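Numbering (UniProt numbering), first residue to last: 1 to 170.
Glycine included, C-beta positions come from ideal geometry on N, C-alpha and C.
Model, not experiment: these values are computed from the prediction.
Given below as structure tokens:
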């Protein structure tokens with residue numbers, strides 16, 4: 001069915017406008033963390049916010065106030081988990097992945113790449129983006145917790161000697 005009545009369209013218009021404003025306010029209050037590059041936990045919260053927004057916009061069974069409370073609760077829970085993960089290694093380990101070394105001192109770490117489902121082509125692409133044309137010219141390629149690849153050139157030193165790589169899983 002394409003159209004029920006004008007009241008239904010008016011409801012969607014008003015609820016969409018109101019929910020959008022509320023969501024913007026909640027995201028601004030939640031801080032930059034809510035809009036940062038996503039790790040797995042942040043992605044779940046973002047998907048939940050989108051799902052909640054869609055439900056509020058299109059379901060007559062969910063009131064705007066209920067949707068606003070859901071937005072606020074999701075943002076508050078994300079804040080609480082981020083706060084706890086900063087203060088507790090156990091919480092951090094439960095909600096955050098560890099960075100993983102995919103290339104060390106010019107040598108691809110095939111077992112790590114297989115475990116993380118990253119291809120040699122993806123590593124090569126990351127190297128090219130950094131202007132590195134040979135594996136031997138890279139000290140490290142790290143799969144970060146947000147899924148991005150970080151590249152450290154060999155002229156920065158051997159991977160084993162770089163203190164920014166101490167927490168990277170090998």
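Under 8 Å between C-beta atoms of residue i and residue j
i          : j           : result
residue 64 : residue 19  : yes
residue 85 : residue 100 : no
residue 56 : residue 47  : no
Straight-line gap, residue i to residue j (C-alpha atoms, nearest Å)
i           : j           : result
residue 115 : residue 123 : 14 Å
residue 90  : residue 151 : 28 Å
residue 139 : residue 81  : 34 Å
residue 120 : residue 111 : 12 Å
residue 23  : residue 71  : 7 Å
residue 155 : residue 137 : 7 Å
residue 28  : residue 75  : 10 Å
residue 21  : residue 14  : 11 Å
residue 148 : residue 113 : 13 Å
Any chain C beta carbon closer than 8 Å to residue i
i           : result
residue 169 : In summary, chain C is missing from the structure at hand, where a single protein chain is found.
When the options are compared against residue i, the one with the closest alpha-carbon
i           : options         : result
residue 170 : 127, 102, 2, 12 : 102
residue 41  : 93, 133, 61     : 93
Three-state secondary structure (DSSP) of residue i
i           : result
residue 107 : strand
residue 9   : helix
residue 132 : coil
residue 124 : helix
Residue i Cβ short of 7 Å to the ligand NAD heavy atom set
i          : result
residue 15 : As presented, the structure is devoid of all ligands, the ligand NAD included, so that no description of it is given.
Margin query: Taking 8 Å as the cut-off, does the stretch 49-57 touch the stretch 66-73 (at least 3 CB pairs, one atom from each stretch)?
Written below: yes
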